[in-house]
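Novice: For the protein sequence lines, the chains are A and B, in the order given.
Each residue of the first sequence is one higher than the one before, counting from 159 in this note's numbering.
Each residue of the second sequence is one higher than the one before, counting from 159 in this note's numbering.
Structure in structure tokens, see below.
2 protein chains.
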Amino acid sequence: MKINLERLEKNLKELSQFGRNKDGGIDRSLGSEAEEEARSWLLEKALDMGAAIKIDAMANIWINWKRTNCENKPITLGSHHDAVPDGGMYDGALGVLMGLEILQTLKENQVPLNHPLQVVSFTAEEPNPFNISTMGSRGVTGKLTLEQLQASSHLITGESLTAAIKRAGGNLQGLLKAQLRKNDMAAFIECHIEQGRNLYDNQLSAGTVTKITGIYRELITVKGEANHAGTTIMEHRHDAFLAAAQAALVVEETVKALNRRDVVGTVGWFEVSPNSANIISGNTKFIMEIRFPEELIKQKILLSINKEYTEIENIRGLCFHREIILDQAPAPMDDRIMKIIGEEISKEQSPLPPSAEESSGLEFVEHVPMLVSMAGHDAVHMSDITKTGMIFVQSIEGKSHCREEKTDSKDIEIAGNAMLNAVLRLDKELTYENLN
Amino acid sequence: MKINLERLEKNLKELSQFGRNKDGGIDRSLGSEAEEEARSWLLEKALDMGAAIKIDAMANIWINWKRTNCENKPITLGSHHDAVPDGGMYDGALGVLMGLEILQTLKENQVPLNHPLQVVSFTAEEPNPFNISTMGSRGVTGKLTLEQLQASSHLITGESLTAAIKRAGGNLQGLLKAQLRKNDMAAFIECHIEQGRNLYDNQLSAGTVTKITGIYRELITVKGEANHAGTTIMEHRHDAFLAAAQAALVVEETVKALNRRDVVGTVGWFEVSPNSANIISGNTKFIMEIRFPEELIKQKILLSINKEYTEIENIRGLCFHREIILDQAPAPMDDRIMKIIGEEISKEQSPLPPSAEESSGLEFVEHVPMLVSMAGHDAVHMSDITKTGMIFVQSIEGKSHCREEKTDSKDIEIAGNAMLNAVLRLDKELTYENLN
Chain A
159 MKINLERLEK NLKELSQFGR NKDGGIDRSL GSEAEEEARS WLLEKALDMG
209 AAIKIDAMAN IWINWKRTNC ENKPITLGSH HDAVPDGGMY DGALGVLMGL
259 EILQTLKENQ VPLNHPLQVV SFTAEEPNPF NISTMGSRGV TGKLTLEQLQ
309 ASSHLITGES LTAAIKRAGG NLQGLLKAQL RKNDMAAFIE CHIEQGRNLY
359 DNQLSAGTVT KITGIYRELI TVKGEANHAG TTIMEHRHDA FLAAAQAALV
409 VEETVKALNR RDVVGTVGWF EVSPNSANII SGNTKFIMEI RFPEELIKQK
459 ILLSINKEYT EIENIRGLCF HREIILDQAP APMDDRIMKI IGEEISKEQS
509 PLPPSAEESS GLEFVEHVPM LVSMAGHDAV HMSDITKTGM IFVQSIEGKS
559 HCREEKTDSK DIEIAGNAML NAVLRLDKEL TYENLN
Chain B
159 MKINLERLEK NLKELSQFGR NKDGGIDRSL GSEAEEEARS WLLEKALDMG
209 AAIKIDAMAN IWINWKRTNC ENKPITLGSH HDAVPDGGMY DGALGVLMGL
259 EILQTLKENQ VPLNHPLQVV SFTAEEPNPF NISTMGSRGV TGKLTLEQLQ
309 ASSHLITGES LTAAIKRAGG NLQGLLKAQL RKNDMAAFIE CHIEQGRNLY
359 DNQLSAGTVT KITGIYRELI TVKGEANHAG TTIMEHRHDA FLAAAQAALV
409 VEETVKALNR RDVVGTVGWF EVSPNSANII SGNTKFIMEI RFPEELIKQK
459 ILLSINKEYT EIENIRGLCF HREIILDQAP APMDDRIMKI IGEEISKEQS
509 PLPPSAEESS GLEFVEHVPM LVSMAGHDAV HMSDITKTGM IFVQSIEGKS
559 HCREEKTDSK DIEIAGNAML NAVLRLDKEL TYENLN
């Protein structure tokens, strides 16, 4: 039994038309007409297949294929259907449509399953104009309050999130009742493009995900002294901008010293005040971000950074105000699902020569790469309530969040068939487990 | 003979009322009502004194006291009456009113002069909403084209510069005819607050200026590669922001290594793109500024910077695009005027103990500090057409361009009397020179 690659790619192409802009990118964020059209198209697809549909309080779409005489909790496959501004056609969409393809393949082949199978398409996973990302998965796993959601409105149109969710078929008032509880589900698997270059650089189609990165962010304000850029001699300066520049380079240096592929540090947002060519900056703000696979590594980095920042403060005679604005722990994937996905990939994908495996810098089990996801996903939040796994598919040159995002047919096929077989194995193994 | 300190301070206080805002700062840029009121007040003062008034094409105000039988070119004293937003009451105003006070003192004492004496108040010296600073002095010394001036309009109100200058009593059409030619004037002296801390740190009232700093600016664009802050491992990055941060620190390091009080380097304007916490910057721009007393020093700094920037480009695999946006040579003051001002200051001001002179880091001649002006002034442009000198007066804590700007009465008095006597000596010495 194989997935129908042609059908899957046809669906990918059809879905990608919603929000396609003149440059070839896709604009499909919550609140837009394109996002509504994508939802209608998805619902129609599901109905055509004879599946049942449920839209929850967060407007997440649940597509169910429930066999009779089946008392187990469902196995869920899915991702999200929204896109970043000017984004590509695979991020999110591939995971939803892969789920749908597997459901359809199993249904066509009349495969008897021990668990109901469902596909989910989450609302607003990407950064969006309502300023709440992974909105659908966080909402439905109890990580967002009703107050927080009701306070949000569209940055440009001003539409309230309440109204936008309602238009999409949800209802924020039903949030509490809709919340998933631990073990409401047997398992969750998300298929997603890698977004990094690990698979591409090694010419591999797919890998299994071991964990999803932790993300730590500080908003740092450097308070120095604004002054005339001509008349203030160098030794009298307390240049907030230069201190912040130095602090950003410290992040890079500290993270690089660890020499790991699963730890990164970035300063991407930086604001100088008063920002005038002839005035020494008195105040500079920046956001420092660290992504890490283990709490201990984060602690080690922060310890080193703290020491260096104190030194900068002392030498330059100015002051760092540091505020933690995000501290999301790494989310480990379920061991069994990770292993099953890995084993099924190994049956579809040719192994690398041993020397290539060794020089790749990656970890392999049975010739399948065990990857850390360096981007956040809906799977982070699903892992709080159910056994969760992810399968990564190569994205060419590691590109994502851009219109150039591309994944080869052969890689989709290999990942799809591995995922199909993983679902079948999970369906059996989880049942035996329940019997024990 | 002494200046009338009480009258001078009364005038300073009166002029400071025009544009005084609720926080105590002064808003008096070209185009504002306050600037017009300041002009009217100045003209009235001049008429009360019985002086003749001329307003030139650039709306610069010229106040003349012409003795009969006097064929020499005039000696001119002055500065500007406009202010930076939320500025102080001494920058510019002190120079104009000091000129007026000296003129009035000489007139009252019926001192016979060999040269006509005139006071000038230049239009729009400070950065202003028409985006042309030292506008009046540049205009009247032939450094601005009519096209350039006519193309400018007020950033907020949209009023054309042509109209604003007309309201102020000028007429851009008359620009060519109004231009000063070399030796149209016998000398120009500008009295100004120091704006730096050299006089304040050594508790000195006044100093003579040896030259006005050269200013060099580059707009530098760093082109790297925007990428996902999570999925791009450290060694695959071409982070434009980090390269620019490093480049800014290179400017500081290079300039500091020279260990001079008359060389500074600053990055005050810095713009990161796309400026998002989770995206590695693909493009960062900044303005690098160097102020220097000699062309050779600038060359030396640039040589060192060029080398370091090439290294950053190579190591980080990105590219610096550098554009020179300002290259203003240092303006040396006239040797004789510098010397006369210095000698006259030495008669009014108590010398420092020799050890304090030595440890100050300043150059002294006859116990008078010889200062490099690290800010630009109208005197830069006047030095192109006539013998020019400047006298600096202490500003407390070196503050300027802010409402806290303050200068002590005793410092004003010492500087004023030194300048009065310098004018008398110049009046004599320049006449003897003409006879030779």
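Cβ atoms here follow ideal geometry from the backbone N, Cα and C, with glycine treated the same way.
Nothing here was measured: the structure is a model prediction, and the numbers come from that model.
Determine contact between the region 353-365 of chain B and the region 392-403 of chain B, defined as no fewer than three beta-carbon pairs at a distance below 8 Å.
Specialist: no
Novice: From the beta carbon of A/N594, is the nearest beta carbon of chain B less than 9 Å away?
Specialist: Walking along the first sequence from the start, residue 594 of chain A turns up at place 436. With a pLDDT of 44 at A/N594, under the threshold of 50, the predicted position of this residue should be treated as unreliable, though the coordinate-derived value follows. No, because no Cβ of chain B sits closer than 9 Å to the Cβ of A/N594.
Novice: Suppose contacts are defined by Cβ-Cβ distances below 9 Å. Is A/S237 in contact with A/V538 by that definition?
Specialist: On the first sequence, position 79 is the one that residue 237 of chain A refers to. On the first sequence, position 380 is the one that residue 538 of chain A refers to. No, Cβ-Cβ distance for A/S237 and A/V538 is not below 9 Å.
Novice: Does any CB atom of chain B fall closer than 9 Å to the CB of A/L166?
Specialist: Residue mapping note: residue 166 of chain A aligns to position 8 of the first sequence, counting from 1. At a cut-off of 9 Å between beta-carbon atoms, A/L166 makes no contact with chain B.
Novice: Would you call the CB atoms of A/N272 and A/L588 closer than 9 Å?
Specialist: Here residue 272 of chain A refers to the residue found at position 114 when the first sequence is read from its first residue. Here residue 588 of chain A refers to the residue found at position 430 when the first sequence is read from its first residue. Against a cut-off of 9 Å, the Cβ pair of A/L588 and A/N272 comes out as a contact.
Novice: To which residues does DSSP link B/L529 through a beta bridge?
Specialist: For the purposes of this step, residue 529 of chain B is identified with residue 371 of the second sequence, where counting begins at 1. Under DSSP, the beta-bridge partners assigned to B/L529 are B/V367.
Novice: For the region 421-451 of chain B, which residues have a beta carbon sitting closer than 7 Å to at least one beta carbon of chain A?
Specialist: V422, T424, V425, G426, W427, F428, V430, N433, S434, A435, N436, I437, I438, S439, I445, E447, R449
Novice: Alpha carbons only, please: which of B/E469, B/I161, B/V278, B/S517 is nearest the one belonging to B/I260?
Specialist: The residue labelled residue 260 of chain B in the question sits at position 102 within the second sequence. The shortest Cα separation from B/I260 among B/E469, B/I161, B/V278, B/S517 belongs to B/I161.
Novice: For A/N286, tell me which candidate among A/Q552, A/K458, A/E447, A/S190 has the shortest Cα-Cα distance.
Specialist: Reading the first sequence from its first residue, position 128 is the one you call residue 286 of chain A. For A/N286, the closest C-alpha among the options A/Q552, A/K458, A/E447, A/S190 is that of A/S190.
Novice: Would you mind telling me which residues of chain A sit closer than 8 Å to B/I378, beta carbon to beta carbon, in chain order?
Specialist: Within the second sequence, numbered from 1, the residue matching residue 378 of chain B stands at position 220. What B/I378 touches in chain A: nothing, since even the nearest Cβ is about 12 Å away.
Novice: For a quick check, are the C-beta atoms of A/P232 and A/A336 less than 9 Å apart?
Specialist: In the first sequence, the residue the question calls residue 232 of chain A occupies position 74. In the first sequence, the residue the question calls residue 336 of chain A occupies position 178. Against a cut-off of 9 Å, the Cβ pair of A/A336 and A/P232 comes out as no contact.
Novice: So A/T442 packs on A/A398, CB below 8 Å; how close in whole Å?
Specialist: Counted from its first residue, the first sequence places residue 442 of chain A at position 284. Counted from its first residue, the first sequence places residue 398 of chain A at position 240. Between A/A398 and A/T442 the Cβ distance is about 4 Å, and since that is below 8 Å, they are a contact.
Novice: Would you call the region 415-430 of chain A and the region 442-452 of chain A touching, i.e. three or more CB-CB distances under 8 Å?
Specialist: Remark: three or more beta-carbon pairs, one from each stretch, lie closer than 8 Å, so the region 415-430 of chain A and the region 442-452 of chain A are flagged as touching.
Novice: Comparing the C-beta of B/Q331 with each C-beta of chain A, is any distance below 9 Å?
Specialist: Looking up residue 331 of chain B in the second sequence gives position 173. For B/Q331, the answer is no, since every Cβ of chain A falls outside 9 Å of its Cβ.
Novice: For A/K381, collect the residues of the same chain with a Cβ closer than 7 Å to its Cβ; drop the 5 residues on either side in sequence, then sort them by chain order.
Specialist: Translated into the one-based positions of the first sequence, residue 381 of chain A becomes position 223. For A/K381, where only same-chain residues beyond five positions count, the Cβ hits under 7 Å are A398, N441, L476, C477, H479.
Novice: Using a cut-off of 7 Å between C-beta atoms, extract the partners of B/H479 located in chain A.
Specialist: Working through the second sequence from its first residue, we reach residue 479 of chain B at position 321. Correct list: empty, because the minimum Cβ distance to chain A is about 17 Å.
Novice: Taking the beta carbon of B/S553 as the centre, do at least 16 other beta carbons fall within 10 Å, making it buried, or is it exposed?
Specialist: Taking the second sequence and counting its residues from 1, the one referred to as residue 553 of chain B is at position 395. B/S553 should be labelled buried.
Novice: Looking only at its chain, what residues have a beta carbon closer than 7 Å to the beta carbon of A/N594, apart from the 5 residues adjacent to it on each side?
Specialist: Against the first sequence, residue 594 of chain A aligns to sequence position 436. Its pLDDT being 44, under 50, A/N594 is placed unreliably by the model, and nothing is read from it.
Novice: Can you name the residues of chain A whose CB is closer than 7 Å to the CB of B/L407?
Specialist: The residue you call residue 407 of chain B lines up with position 249 of the second sequence. Correct list: L400, A403, Q404.
Novice: Name, please, each residue of chain B whose Cβ falls closer than 9 Å to the Cβ of A/V413.
Specialist: By 1-based counting over the first sequence, the position of residue 413 of chain A is 255. Per Cβ cutoff of 9 Å: M392.
Novice: Verify whether the separation of the beta carbon atoms of B/A309 and B/S187 is less than 9 Å.
Specialist: Taking the first residue of the second sequence as 1, we reach residue 309 of chain B at position 151. Taking the first residue of the second sequence as 1, we reach residue 187 of chain B at position 29. No, Cβ-Cβ distance for B/A309 and B/S187 is not below 9 Å.
Novice: Mapping DSSP to helix, strand and coil, what is A/M256?
Specialist: The count along the first sequence starts at 1 and reaches residue 256 of chain A at position 98. Three-state result, A/M256: helix.
Novice: Can you give me the start and stop residues for the beta strand (DSSP E) that B/L377 sits inside?
Specialist: Position 219 of the second sequence, counted from the start, is the residue given in the question as residue 377 of chain B. Looking at the DSSP string, the run of the beta strand (DSSP E) that includes B/L377 is 372-381.
Novice: Is the region 253-268 of chain B touching the region 197-210 of chain B in the sense that three or more CB pairs, one from each, lie closer than 8 Å?
Specialist: yes
Novice: Around the C-beta of B/R395, are 16 or more other C-beta atoms found within 10 angstroms, so that it is buried, or is it exposed?
Specialist: As a working note, residue 395 of chain B is residue 237 in the second sequence. It counts as buried.
Novice: Using a beta-carbon distance below 9 Å, is A/D244 in contact with chain B?
Specialist: Taking the first residue of the first sequence as 1, we reach residue 244 of chain A at position 86. Among the residues facing chain B, A/D244 is not included, as its CB has no counterpart in that chain under 9 Å away.
Novice: Can you check whether the CB of A/A364 is closer than 9 Å to the CB of A/V526?
Specialist: Start at 1 with the first residue of the first sequence, and residue 526 of chain A comes out as number 368. Start at 1 with the first residue of the first sequence, and residue 364 of chain A comes out as number 206. Cβ distance < 9 Å, so A/V526 and A/A364 count as in contact.
Novice: Looking at A/I378: is its Cβ nearer than 9 Å to the Cβ of A/E481?
Specialist: The count along the first sequence starts at 1 and reaches residue 378 of chain A at position 220. The count along the first sequence starts at 1 and reaches residue 481 of chain A at position 323. Contact: yes.
Novice: Write down the C-beta distance between B/Y358 and B/G182 rounded to the nearest angstrom, noting that I regard them as a contact closer than 8 Å.
Specialist: Along the second sequence, one-based indexing puts residue 358 of chain B at 200. Along the second sequence, one-based indexing puts residue 182 of chain B at 24. With a Cβ gap of about 21 Å, B/Y358 and B/G182 do not count as contacting.
Novice: Determine the chain B residues that contact A/A204 at a beta-carbon separation under 9 Å, and present them in chain order.
Specialist: For this step, residue 204 of chain A is matched to residue 46 along the first sequence. Within chain B, no residue comes near A/A204; the closest Cβ sits about 31 Å away, beyond 9 Å.
Novice: If you run the structure through DSSP and keep just helix, strand and coil, what is A/F399?
Specialist: Residue numbering aside, residue 399 of chain A sits at position 241 when the first sequence is read from its first letter. Reduced to three states, the DSSP call for A/F399 is helix.
Novice: Using a cut-off of 8 Å between C-beta atoms, extract the partners of A/Q353 located in chain B.
Specialist: The count along the first sequence starts at 1 and reaches residue 353 of chain A at position 195. Result: H386, G388, T389.
Novice: Look up A/H559 in the DSSP assignment and say whether it is helix, strand or coil.
Specialist: Sequence index remark: in the first sequence, residue 559 of chain A carries index 401 (1-based). A/H559 falls in the coil class under three-state DSSP.
Novice: Buried or exposed for B/G177, going by 16 or more other Cβ atoms inside 10 Å?
Specialist: Translated into positions along the second sequence, residue 177 of chain B becomes position 19. Buried.
Novice: Closest by CA to A/N179, which one among A/V242, A/L200, A/I473?
Specialist: Translated into the one-based positions of the first sequence, residue 179 of chain A becomes position 21. Selected option, being the one with the closest Cα: A/V242.
Novice: Buried or exposed for A/S485, please, with buried defined as at least 16 other CB atoms from any protein chain shown within 10 angstroms of its CB.
Specialist: In the first sequence, residue 485 of chain A corresponds to position 327, counting from 1. The sequence given here places Asp at residue 485 of chain A; Ser does not occur at that position. Counting Cβ neighbours within 10 Å, A/D485 comes out exposed, since fewer than 16 surround it.
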